[in-house]
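Q:
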Amino acid sequence: MEAPFVLPAEETAAEAIDAIRDELELFDDWMERYQYIIEMGRKLPPFPKDWCDDAHRVPGCQSQVWLEAKEEDGILYFAGLSDAAIVCGLVALLLRVYSGRSPEEILNTDPQFLRDLGLVQALSTNRGNGVEAMARAIRSAAAPQKIS
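Take the sequence shown: its position 139, counted from the start at 1, is 390 in the numbering used here, and no numbers get skipped.
(1) Nearest to Pro354 by CA position, among Gly381, Asp324 and Gly331, is which residue?
(2) Around the Cβ of Arg352, are there at least 16 other Cβ atoms within 10 angstroms (buried) or fewer (exposed)?
(3) Are Ala260 and Glu356 closer than 8 Å when you measure CB to CB?
(4) In angstroms, rounded to a whole number, what distance separates the CA positions of Lys294 and Ala343?
(5) Mark Ala394 as exposed unless 16 or more other C-beta atoms lie within 10 angstroms of its C-beta, in which case mark it buried.
(6) Could you give the residue range of the alpha helix (DSSP H) that holds Ala254?
(7) Indicate whether Gly311 and Gly381 have their beta-carbon atoms separated by less than 8 Å.
Encoded structure:
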């Protein structure tokens, strides 16, 4: 798997969440944490401009957010981008947890970790709703598709 898809730095989603928690705890206040999250977003692989369209857009986000999923050998990889720096960082954080995982692991990794880390509460209501919408979109890509 290659750019623009995010490869996991940690073995499991749980390890990624623990690493993010440890990293955020290094900072004394939320302004420093926001800056760290923004830096995470700047390190995302380049997202193809032709994917910045309605087909890739995540509904329910205040800012524009685009995601793409690709399955390879039973593993889902994600690419993402936002037009807002802090949201791009939140995309990077979510992809660190969910990209490069099996659909089962993705579905078993409850996005409650976003609240446990204090992220949803520290953001504006609209941004908090948006990050939860991104998590839903990622988990939706991992859900078994219903055939009608």
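Each residue gets a CB set at the ideal place from its N, CA and C atoms; glycine is no exception. Since the structure is predicted, the reported quantities are computational estimates derived from the model, not experimental observations.
A: Based on what the coordinates show:
(1) Taking only the C-alpha atoms, the option nearest Pro354 is Asp324.
(2) Counting every other CB atom within 10 Å of its CB across the protein chains shown gives Arg352 a total of 16 or more, marking it as buried.
(3) Taking a C-beta distance under 8 Å as the contact criterion, Ala260 and Glu356 do not qualify as a contact pair.
(4) Distance from the CA of Lys294 to the CA of Ala343, rounded to the nearest whole angstrom, comes to 8 Å.
(5) Exposed is the call here.
(6) First-last for Ala254: undefined, no H or E at that position.
(7) Contact annotation: Gly311 and Gly381 have beta-carbon atoms nearer than 8 Å.
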